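Participant: In my numbering, the protein residues as written are 2 to 285.
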Amino acid sequence: MRTYQSKELMTEDASLHIFSVTNEARTMPLHEHDFIEIVYVTNGSADETVNGETWRVHRGDLLFINYQSTHSFVSYDNFSYINICFKPEMLGEAVITSENAFALLHLTAFEEILRESGEDGMVSWRGDERREIETVLFAMLREYCEKPHSWRLVLKSYMNVLIAMILRKLIDGGTGEDSEDVWRELSEYIDSNLGEELTLSALAGKCFYNPSYFSRAFKKKFKMPLTEYLNRRRIERAMLLCEDPSLSDEEIATRLGFSYKSSFYRVFSRVAGMTFAEYKKSKK
2 MRTYQSKELM TEDASLHIFS VTNEARTMPL HEHDFIEIVY VTNGSADETV
52 NGETWRVHRG DLLFINYQST HSFVSYDNFS YINICFKPEM LGEAVITSEN
102 AFALLHLTAF EEILRESGED GMVSWRGDER REIETVLFAM LREYCEKPHS
152 WRLVLKSYMN VLIAMILRKL IDGGTGEDSE DVWRELSEYI DSNLGEELTL
202 SALAGKCFYN PSYFSRAFKK KFKMPLTEYL NRRRIERAML LCEDPSLSDE
252 EIATRLGFSY KSSFYRVFSR VAGMTFAEYK KSKK
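#1: What are the boundary residues of the beta strand (DSSP E) that Asp48 is part of?
#2: For Met141, which option in Ile39, Glu244 and His34 has the closest C-alpha, if you only look at C-alpha atoms?
#3: From which residue to which residue does the alpha helix (DSSP H) around Thr228 run?
#4: From the DSSP output, read off the bridge partner residues of Arg57.
#5: Write down the C-beta distance between Phe87 and Ile37 rounded to the nearest angstrom, noting that I regard them as a contact closer than 8 Å.
#6: Between which two residues does the alpha helix (DSSP H) carrying Asn161 extend?
#7: Which runs of the beta strand (DSSP E) at least 3 residues long sit entirely within the stretch 5 to 48? Give them in chain order.
#8: Quick one: what does DSSP say Ser270 is sitting in, helix, strand or coil?
#9: What's the gap between the Cα of Leu257 and the Cα of Arg234?
#10: Excluding five sequence neighbours on each side, which residues of the same chain lie with their C-beta closer than 6 Å to the C-beta of Cys243?
#11: Tell me the rounded alpha-carbon separation between Thr50 and Glu25.
#12: Can you list, in chain order, the residues of its chain whose CB lies under 7 Å from that of Arg238, leaving out five sequence neighbours each side?
#13: To the nearest angstrom, how far is the alpha carbon of Lys262 from that of Arg27?
#14: Would you report the Cα separation of Lys284 and Ser264, rounded to the nearest angstrom?
#15: Return the CA-CA distance between Ser7 and Glu251, expressed in angstroms with no decimal places.
#16: Roughly how many angstroms separate the alpha carbons of Met160 and Thr43, rounded to a whole number?
#17: Pick helix, strand or coil for Ser202, following the three-state DSSP scheme.
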């Protein structure tokens with residue numbers, strides 16, 4: 002399986018590559034790439050396969066394919082599309098808000114789009130909305146191909162508009178989730194993965210945006226830094242786990258992502274205001 006590299010398509014001073022294909026009928030073999038890819042269908046149809054699942058796409062359908070995802074397609078007569086390949090840093094902070102931050106995680110998980118959106122598992126545009134997004138896409142294509150003065154700045158601005166339109170479709174027209182639902186899902190994700198790596202960089206990396214912004218947005222929503230939030234959730238879970246007499250202190254610490262038992266004891270004392278041994282004694 003071939004792996005496409007960003008260096009094959011993008012120069013050091015450009016973190017985006019955009020092109021259009023018209024009236025194509027061919028098969029693209031299975032491949033992956035180290036960049037994010039947006040495919041927007043402008044005409045015809047194709048069977049697109051992402052991470053082993055296949056769907057039929059038509060005009061107005063958009064695929065957001067994360068890096069390292071496996072992808073192939075079989076296209077039919079008159080299949081046309083616009084393809085945008087870009088590095089994660091292409092996304093400016095202008096499109097990220099506390100209301101839509103975790104919705105970006107949906108974009109990186111293709112299966113989530115399929116499960117939540119209402120039109121054949123695609124992020125789709127129809128009527129006036131379709132004309133609006135195609136206006137943006139063709140303007141981006143023109144800027145990239147003709148490269149007029151300040152084209153990089155204009156292209157990045159268009160990219161922010163495009164991502165904002167996709168997020169609006171997901172939040173308002175696709176998933177139906179409001180900001181509270183989005184942040185509740187983030188909280189549920191953390192609770193389900195307390196034993197995994199949940200550093201600021203790891204969580205921000207899932208959403209492919211600036212860790213410093215993620216930190217500010219998280220603190221604004223939860224009224225505390227991410228590290229403090231994680232420590233509290235882990236210690237709350239430890240208080241439940243200690244009720245199981247078959248679990249040793251070391252096993253509890255490991256389940257909650259602590260590399261050393263001493264680190265677990267230290268965090269427990271700071272969060273709970275007593276040592277773990279004192280807490281267990283009080284429960285007895």
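Cβ coordinates follow ideal geometry from the N, Cα and C atoms, glycine included. None of the values given here were measured: they were computed from a predicted structure.
Facilitator: According to the structure shown:
#1: Locating residue 48 in the sequence shown gives position 47, counting from the first residue. Residues Ser46 to Val51.
#2: Taking the sequence shown and counting its residues from 1, one reaches residue 141 at position 140. For the residues Ile39, Glu244 and His34, the minimum Cα distance to Met141 belongs to Ile39.
#3: Taking the first residue of the sequence shown as 1, we reach residue 228 at position 227. It spans Leu227 to Leu242 - the alpha helix (DSSP H) in which Thr228 sits, taken as one unbroken run.
#4: Counting from one through the sequence shown, the residue named residue 57 turns up at place 56. Answer is Asp48, bridged to Arg57.
#5: The residue you call residue 87 lines up with position 86 of the sequence shown. The residue you call residue 37 lines up with position 36 of the sequence shown. Their Cβ separation, rounded to whole angstroms, is 6 Å, which keeps Phe87 and Ile37 in contact under 8 Å.
#6: Indexing the sequence shown from 1 puts residue 161 at position 160. Looking at the DSSP string, the run of the alpha helix (DSSP H) that includes Asn161 is Trp152 to Arg169.
#7: 17 to 25, 28 to 34 and 37 to 44
#8: Counted from its first residue, the sequence shown places residue 270 at position 269. Reduced to three states, the DSSP call for Ser270 is helix.
#9: For the purposes of this step, residue 257 is taken as residue 256 along the sequence shown, with counting starting at 1. For the purposes of this step, residue 234 is taken as residue 233 along the sequence shown, with counting starting at 1. For Leu257 and Arg234, the distance between alpha carbons rounds to 9 Å.
#10: Here residue 243 corresponds to residue number 242 of the sequence shown, with the count starting at 1. These residues qualify, in order along the chain: Lys281.
#11: In the sequence shown, counting from the first residue as 1, residue 50 sits at position 49. In the sequence shown, counting from the first residue as 1, residue 25 sits at position 24. About 17 Å.
#12: Locating residue 238 in the sequence shown gives position 237, counting from the first residue. If we look at Arg238 and ignore the five residues flanking it on each side, its Cβ neighbours are Leu195 and Leu257.
#13: Along the sequence shown, read from residue 1 onward, the residue named residue 262 stands at position 261. Along the sequence shown, read from residue 1 onward, the residue named residue 27 stands at position 26. If you take the alpha carbons of Lys262 and Arg27, they lie about 57 Å apart.
#14: For the purposes of this step, residue 284 is taken as the residue at position 283 of the sequence shown. For the purposes of this step, residue 264 is taken as the residue at position 263 of the sequence shown. Cα-Cα distance, rounded: 22 Å.
#15: Along the sequence shown, read from residue 1 onward, the residue named residue 7 stands at position 6. Along the sequence shown, read from residue 1 onward, the residue named residue 251 stands at position 250. Answer to the nearest angstrom: the Cα atoms are 44 Å apart.
#16: By 1-based counting over the sequence shown, the position of residue 160 is 159. By 1-based counting over the sequence shown, the position of residue 43 is 42. Their backbone Cα atoms lie some 18 Å apart in a straight line.
#17: On the sequence shown, residue 202 is found 201 positions in, with the first residue counted as 1. In this structure, Ser202 counts as helix in the three-state DSSP scheme.
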